[in-house]
Amino acid sequence: MQVIKKIIRVFYLFKYSNFKTSSLFNNEEVIVWIYPAHILKYLFSDKAIRDFGYITALSKNKIKHRIFIGRNIGKFSNHKILCSFDNVYNQFGFTDYVSSFIHVLEKLELQGNKVFPNSYEARYWENKTFMHKEFARLGISEPKTILCKTLEEASNINLPFPYLIKEEHSCSSNGVYKISSKDELKRLVDSDFLNRNSTFICQELINMRRDLRVIMVKNEIVLHYWRINKSNEWKPTATGFGSQVDFVNFPTHWKSFIIDTFKKLNLTTGAFDIAWQNDDLSTVPIFLEVSPSYQPNPKVDLEKLKMDYGTFKKKLTLRVNYDKEFIKLFHQIQSKVTKDFVGYII
4 MQVIKKIIRV
14 FYLFKYSNFK
24 TSSLFNNEEV
34 IVWIYPAHIL
44 KYLFSDKAIR
54 DFGYITALSK
64 NKIKHRIFIG
74 RNIGKFSNHK
84 ILCSFDNVYN
94 QFGFTDYVSS
104 FIHVLEKLEL
114 QGNKVFPNSY
124 EARYWENKTF
134 MHKEFARLGI
144 SEPKTILCKT
154 LEEASNINLP
164 FPYLIKEEHS
174 CSSNGVYKIS
184 SKDELKRLVD
194 SDFLNRNSTF
204 ICQELINMRR
214 DLRVIMVKNE
224 IVLHYWRINK
234 SNEWKPTATG
244 FGSQVDFVNF
254 PTHWKSFIID
264 TFKKLNLTTG
274 AFDIAWQNDD
284 LSTVPIFLEV
294 SPSYQPNPKV
304 DLEKLKMDYG
314 TFKKKLTLRV
324 NYDKEFIKLF
334 HQIQSKVTKD
344 FVGYII
């Protein structure tokens, strides 16, 4: 079934993409850089959806551009280059896979290129140490957060049990551990944990059973939804854990506050995860994380499908297909990102 699902995904990828003004050879000002490690893996990946989204936005608005495929992007100077977040740039398998991508972006910028994402934005990609340092510097409301390097440091922090430990480079609720005692802390840190993390994040556990995902492009909220944990116990609210998804309700009295907070970060686009202590919307929002790379959940009516959102994402469905809706939504968002980057009226 998963093979069929992947084939359907590629079908919709090409169905909703547009290559009318694309060129492989002309020296156009705007370049979409495609760097696939393996063509099939690439076509099945979110990276392909992002790249094709750039191309579709440019083509539909008749902006000539070149598609450059391969690794020799360093030969270009004074161009506008669109590329996508992915581990493919980390060819040597470092745990800090972000730094390889940042290095490439910095080199392109030194050669006079305008790049999206730029090297500053890329530092927010799955780099919790950088993100929390910026949150602290900018005065952004967040859970009490302490960065540690050793077991000794973590053993002496001023956080009540239980609290969370997060790996420095991780995403999608991976690398998140609930710590309820010093024995649990020691067992975690005595494993190969420190080999993967030169710094790790110790963080206050917010009493919450839902969080709000808000996706922004510049000053516009382009998508929002609640992820709701239906159990009485804390657990990550990612849809893979069976959370209910609510696309309708939004705390409008906090809209300006959320937008103003995003402006402080100087990001083109990003996804906030926002919570409230005790789920009390009258209190100040707590910004858990932000990422310039994200997977937006398309809005669907799950009551008719009679399944939770995590199941819908994995299941092969024909009448309402997750991959179809995901690609359409991603292209809509990429169109807004491309408009901001290119600077043309599109």
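For my numbering, count along the sequence shown from 1 and bump the result up by 3.
Where a beta carbon is used, it is the ideal one built from N, C-alpha and C, also for glycine.
| Item | Value |
| --- | --- |
| Answer yes if the segment 278–288 comes into contact with the segment 247–265, meaning at least three C-beta pairs across the two stretches below 8 Å, and no otherwise. | yes |
| Fully enclosed by the segment 79–128, which beta strand (DSSP E) runs are 3 residues long or longer? | 83–85, 117–119 |
| Can you give me the Cβ contacts of K316 inside the same chain, cut-off strictly under 7 Å, excluding the 5 residues immediately before and after it? | T242, Y325 |
| Rounded to a whole number of angstroms, what is the C-alpha to C-alpha distance between N30 and S234? | 56 Å |
| Taking contact to mean at least 3 C-beta pairs separated by less than 8 Å, is the segment 96–105 in contact with the segment 63–73? | no |
| If we ignore side chains and look at the alpha-carbon of each, how far apart do V6 and L284 end up? | 43 Å |
| On the CB-based measure, 16 or more other CB atoms within 10 Å of its CB, does D186 come out buried or exposed? | exposed |
| Can you list the alpha helix (DSSP H) stretches of 4 or more residues lying completely in the segment 154–238, in chain order? | 154–158, 185–191 |
| Along the chain, where does the beta strand (DSSP E) containing D276 start, and where does it finish? | 272–278 |
| According to the neighbour-count rule (16 or more other Cβ atoms, all chains shown, within 10 Å of its Cβ), is P163 buried or exposed? | exposed |
| Below 9 Å between beta carbons: does that hold for F133 and M219? | no |
| Express the C-alpha separation of I168 and I76 in angstroms, rounding to a whole number. | 38 Å |
| With DSSP as the reference, label E292 as helix, strand or coil. | strand |
| Touching or not, the segment 257–276 and the segment 203–210, by the rule of three or more beta carbon pairs under 8 Å? | no |
| Closest to N90 by CA distance: which of D311, S173, K221 is it? | S173 |
| Out of L268, K309, P299, which one is the CA nearest neighbour of I143? | L268 |
| Exposed or buried, which one is D54 when buried takes at least 16 other CB atoms within 10 Å? | buried |
| Measuring CA to CA, which of D282, T59, D249, E129 is closest to D304? | D249 |
| From what residue to what residue does the beta strand (DSSP E) around D249 run? | 247–249 |
| So, at 7 Å on beta carbons, what are the nonlocal neighbours of N300 in its own chain, with the 5 sequence-adjacent residues on each side left out? | Y228, T242, V248, Y312 |
| Assuming I204 contacts K131 under a Cβ cut-off of 8 Å, what Cβ separation, rounded to an integer in Å, is found between them? | 5 Å |
| Using a Cβ-Cβ cut-off of 6 Å (strictly less than) and excluding sequence neighbours within five positions of I160, which residues of its own chain qualify? | I149, C205 |
| Roughly how far, in whole angstroms, is the beta-carbon of R199 from the beta-carbon of R216, given that I think they are within contact range, below 8 Å? | With 8 Å as the limit, R199 and R216 do not qualify as a contact, their Cβ atoms being about 26 Å apart. |
| On a Cα-Cα basis, can you pick out the residue from G346, Q335, N21, K342 that is closest to V225? | Q335 |
| If you run the structure through DSSP and keep just helix, strand and coil, what is R69? | strand |
| In the DSSP assignment, the alpha helix (DSSP H) including T148 goes from what residue to what residue? | T148 -> not in any alpha helix (DSSP H); beta strand (DSSP E) instead, spanning 148–151. |
| Let's test the definition: count the other Cβ atoms within 10 Å of the Cβ of A278 and tell me whether it reaches 16, buried, or not, exposed. | buried |
| Quick one: measure Cβ to Cβ for S176 and P120, integer angstroms, because I've assumed they're closer than 8 Å. | Contact doesn't hold; Cβ gap of about 23 Å is too wide. |
| Can you tell me which of F344, L321, F88, A51 puts its alpha carbon nearest to the alpha carbon of I11? | L321 |
| When DSSP builds the beta bridges, which residues end up paired with W36? | F71 |
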